[in-house]
Ligand code: BEZ
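Residue numbers (my numbering): 14 to 230.
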């Protein structure tokens, strides 16, 4: 039940990413100074030394080069101590050879998780859900995913969505269902009758009708 005490702040798409200072596995950071001029994928996991989280964190680590190529920094978070984080990073490295080479926030006082709506008490009161925030170089939130504790995320989709956001910005286009790099993109629909007639007469683009037209980049 929602009471004034348990109302949580839920950042929304288009909001400025809430600023914070935190202790991480790579030292203390102030978010507004982190990853200047870069995109950030900021994600939470429920707990260190748990199976689904280990697969997800390993997924981020193994595909870090793809995030680097998209000018994107990774940063993780859970409500665990820095000692637990260090132990888990070392344990996974020793067991599997995968190294979590990005900062992981130790959010023991839950202050960051609360700012980002990562604590959803009807799912878990003391663990963050599996959230992913896509934050652009102006520190605006552009896309949000929330997954429950018992379902792991999809790394292909995280990378696809990140690339889609960047392509949409760069080319001022929209991306259709299941779009992936190399596919045609959607040309913004006309806004006036004149533009509509021009679109209808334009044979250089693939059209279903004036409001649904695609082109290659
Ligand atoms: C897991 O990562 O396996 C997990 C963590 C918290 C609750 C349930 C599953």
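Even glycine gets a Cβ: it sits at the ideal position worked out from N, Cα and C.
CB-CB length for residue i against residue j, believed under 8 Å
i, j, result
"residue 116", "residue 63", "Actually they are not in contact, since the Cβ atoms of residue 116 and residue 63 sit about 19 Å apart, beyond 8 Å."
"residue 75", "residue 111", "6 Å"
"residue 212", "residue 69", "In fact, because the Cβ distance is near 43 Å, the residues do not count as touching under 8 Å."
"residue 184", "residue 225", "The Cβ separation is near 17 Å, so there is no contact."
Inter-residue spacing [alpha-carbon to alpha-carbon] between residue i and residue j
i, j, result
"residue 30", "residue 214", "43 Å"
"residue 22", "residue 86", "24 Å"
"residue 107", "residue 155", "36 Å"
"residue 60", "residue 67", "9 Å"
"residue 39", "residue 223", "51 Å"
"residue 175", "residue 147", "7 Å"
"residue 28", "residue 92", "24 Å"
"residue 122", "residue 210", "59 Å"
"residue 221", "residue 172", "29 Å"
"residue 199", "residue 97", "46 Å"
"residue 45", "residue 178", "21 Å"
"residue 17", "residue 133", "Confidence in residue 17 is poor, its pLDDT being 48 and thus under 50, which makes the residue's placement too unreliable to answer from."
"residue 151", "residue 137", "32 Å"
"residue 71", "residue 113", "7 Å"
"residue 142", "residue 196", "33 Å"
"residue 118", "residue 99", "11 Å"
"residue 164", "residue 139", "18 Å"
"residue 161", "residue 203", "40 Å"
"residue 170", "residue 205", "35 Å"
"residue 42", "residue 48", "10 Å"
"residue 180", "residue 190", "15 Å"
"residue 35", "residue 120", "7 Å"
"residue 58", "residue 227", "38 Å"
For residue i: DSSP bridge partner residues
i, result
"residue 29", "153"
"residue 8", "Residue 8 cannot be examined here, being either before or after the span of the chain that is shown, 14 to 230."
"residue 143", "160"
"residue 199", "187, 227"
"residue 37", "40, 118"
"residue 148", "53, 154"
Residue i, DSSP secondary structure in three states
i, result
"residue 44", "helix"
"residue 136", "coil"
"residue 23", "coil"
"residue 2", "The structure shown does not extend to residue 2, since the chain is modelled only from 14 to 230, so the question has no answer here."
"residue 166", "coil"
"residue 205", "coil"
Item to check | Every unbroken beta strand (DSSP E) within the region 53-134, with a cutoff of 3 residues, ordered by chain | outcome: 85-91, 117-119
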